[in-house]
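Okay, structure first, notes after.
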Amino acid sequence: MSKPTLSCFGGVGYVTGANFLLETETSKSLIDCGLLQGVENSDGINADKFDYDPATIDFLFITHAHIDHIGRVPKLVKDGFKGVIYSTKETKELSRLMLEDMARINESNAQERGVEPIYTNIHAEQALNLWQAIPYHESKKFADFSLDLFDAGHILGSAMYKFTFPSGKSMLFTGDLGNSPSPLLRDTEKIVGVDYILMDSVYGDRNHEDHSERDRRFKEIVNEVIAKKGTLLIPVFSLERTQVLLFELDNLLESKQIAPVSVFLDSPLAIRITAVYERTDSEYNKDVQKELSGGDDIFRFPKLRMTGKVRDSMQIANENGPKIILAGSGMSTAGRILGHEANFLPDPNATLLLVGYQAPGTLGRVIEEGAKQVTIKGQNIPVRARIEKIDGFSAHKGSDGLVDFVADTKDSVKKVFVTMGEPRSSIFLAQRLKDELDVDALVPERGKRYELDL
Ligand SMILES: [Zn+2]
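Residue numbers (the working numbering): 138 to 591.
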């Protein structure tokens, strides 16, 4: 019998675009099918043909609902995939919202540029019809392997997939690994006894500020804005970061560490995603579950307004301070944040707070680097607002957390494939795993087929 093989068609050399193929004698499984983002010509690359025939793929396993892990799924279906898609129930629900939004953006971008969209909502719908949910910790049997899902602690519904073969040997695909302890989620589960790991390395070469420092600075910035009756503008990612910030604000208000303040959640997608988070209860960590069972509405507080409608969004600028505005996109590349930035960046009484990674070439990165003037929708906008950054809200493990994760299973692991990072980050992590744990680790080459002793 021939051995299973692994080929990486995305998520190597880049953080984004995760796409891994696991082949056995009788089946072909993909793990994630993400969009490449923040890279030159990513639109062209995303529209390219797949490196394999989608019609020959039996299964697609989705680790979590971030667009760099699911963004090409409708294209896979459009190009002939007829297999089954699996994920946790939460990931399926969140993917529906993310893909509908992505299809809408695709269609409007394509119209602007006079080209065909890479897919439409019809293909997203077709993908969702092929999609089935699997719970964590319920072993599922396939013809030539069995599968177990473990909590990755990264975002709601995020899962690691462990494939166990008839030999008893196993391989783990981590997806993105959470920056545990998370304010909301359970910790990343400890994994032992696996033979191979394919893992994330976004922060393979650096660590985050610690959680207490993060919370202290967030409270300080909010209190300063309240004291000077200013505006706090926070560009946010709709999935996870928004909900973590709402949860933190709710806690600060309840414990009276900040005074009541108007908060606007100004993103239709983030509002829809927050509703999914509100419908969930058993997937959170123990402290959050305790708050929920005590009847606390963890994402809602008295002066929060969710401005889904454009008309309500337009009114925000006329509201007197102090106020906090959460709006997308997280890197200020599109969305309602742009209008708020045009309004408030010239205001010396305003503060813009960055809470996530800003890719090179984005407006967020230009602001982060201290530009005194920026261009928004063709208009020159002077920057007089205060610019702050808190990096500890990251949903990704830092370098030490990634090494600790592998350390738990170092006695059994034969090889670690280090992926989903910038080259510098992946190479650094692979070297740390070799030096500190004496584990064989490598950064795989794109498209190369690796035989696995499974
Ligand atoms: Zn992610």
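No residue lacks a Cβ here, since even glycine has one placed at the ideal position from N, Cα and C.
Asked: Below 7 Å, is the gap between the Cβ of H274 and the nearest heavy atom of ligand 1?; Found: no
Asked: For the beta strand (DSSP E) holding P519, just list the boundary residues, first then last.; Found: 516 to 519
Asked: Identify, in the order they occur along the chain, each residue of the same chain with its Cβ nearer than 8 Å to the Cβ of N243, setting aside the five sequence neighbours on each side.; Found: P254, I255, Y256, T257
Asked: Could you check how far apart the C-beta atoms of G175 and G147 are, in whole angstroms? I think they sit under 8 Å.; Found: With 8 Å as the limit, G175 and G147 do not qualify as a contact, their Cβ atoms being about 14 Å apart.
Asked: Please tell me whether, using a cut-off of 7 Å, the distance from the CB of D602 to the nearest non-hydrogen atom of ligand 1 is below it.; Found: The structure shown does not extend to residue 602, since the chain is modelled only from 138 to 591, so the question has no answer here.
Asked: On the DSSP letters alone, give me the boundaries of the alpha helix (DSSP H) that D387 sits inside.; Found: 378 to 391
Asked: Out of R473, T228, G467, state which residue places its alpha-carbon closest to the alpha-carbon of Q452.; Found: R473
Asked: Is D541 helix, strand or coil when you go by DSSP?; Found: helix
Asked: Please go through the same chain and pick out, in chain order, the residues whose beta-carbon is closer than 6 Å to the beta-carbon of G535, but skip the five residues on each side of it.; Found: Y340, N344, H345
Asked: Using alpha carbons as the reference points, say which of T161, Y151, F157, G150 lies closest to D590.; Found: T161
Asked: Could you tell me if the beta carbon of I395 falls within a distance shorter than 7 Å of some heavy atom in ligand 1?; Found: no
Asked: Tell me which residues share the same chain as F436 and place their Cβ nearer than 7 Å to its Cβ, disregarding the 5 neighbours each side in the sequence.; Found: Q380, L383, F384, D387, T411, Y414, E415
Asked: How would you write the range of the beta strand (DSSP E) that A296 sits in, first residue to last?; Found: 296 to 301
Asked: In chain order, what residues have a CB nearer than 5 Å to some heavy atom of ligand 3?; Found: Inclusion of ligand 3 in the displayed structure is not the case, the ligand content consisting of ligand 1 alone.
Asked: May I have the straight-line CA-CA distance separating T335 from K509, to the nearest angstrom?; Found: The displayed chain sequence assigns Leu, not Thr, to residue 335. If you take the alpha carbons of L335 and K509, they lie about 42 Å apart.
Asked: When you compare only the Cα positions, how much space is there between R241 and S466?; Found: 15 Å
Asked: State the DSSP-derived secondary structure class of Q269, mapped to helix, strand or coil.; Found: strand
Asked: For Y414, report the span of its alpha helix (DSSP H) as first-last.; Found: 405 to 416
Asked: Identify the continuous alpha helix (DSSP H) that holds L429 and give its terminal residues.; Found: 423 to 430
Asked: Taking 8 Å as the limit between beta carbons, can you name the residues of its chain near K585, skipping five residues before and five after?; Found: S144, C145
Asked: Ignoring anything shorter than 3 residues, give me the beta strand (DSSP E) runs that lie fully in the stretch 232 to 286, in order along the chain.; Found: 268 to 270
Asked: Answer yes or no: does any C-beta atom of chain C fall closer than 8 Å to that of T200?; Found: Here there is only one protein chain, and chain C is not present.
Asked: According to DSSP, which residues form a beta bridge with R442?; Found: F401
Asked: Less than 8 Å between the C-beta atoms of G290 and G315, yes or no?; Found: yes
Asked: Out of D190, F310, I461, D418, state which residue places its alpha-carbon closest to the alpha-carbon of G431.; Found: D418
Asked: Do the stretch 284 to 303 and the stretch 179 to 187 make contact, defined as three or more Cβ pairs closer than 8 Å?; Found: no
Asked: On the criterion of 16 or more Cβ atoms from any shown chain inside 10 Å, does A364 qualify as buried, or is it exposed?; Found: exposed
Asked: I461 and V398 look like a contact to me (Cβ under 8 Å); what is the Cβ gap, rounded to whole Å?; Found: 6 Å
Asked: Hey, could you find the ends of the alpha helix (DSSP H) K552 is sitting in?; Found: Premise fails: K552 lies in the beta strand (DSSP E), 552 to 556, not in any alpha helix (DSSP H).
Asked: Could you tell me the alpha carbon to alpha carbon distance between G507 and I358, rounded to whole angstroms?; Found: 18 Å
Asked: On the criterion of 16 or more Cβ atoms from any shown chain inside 10 Å, does Q394 qualify as buried, or is it exposed?; Found: exposed
Asked: Ordered along the chain, which non-local residues of its own chain (more than five positions away) have a Cβ less than 7 Å from that of K327?; Found: D545
Asked: Looking only at its own chain, which residues have a Cβ that is under 8 Å from the Cβ of D347, when we skip the five neighbours before and after it?; Found: G529
Asked: How far does the beta strand (DSSP E) with F218 in it reach, from first residue to last?; Found: Counting along the chain, F218 falls outside any beta strand (DSSP E), and DSSP gives it neither H nor E.
Asked: Whole-angstrom Cβ separation of E377 and A532, contact assumed at under 8 Å?; Found: 5 Å
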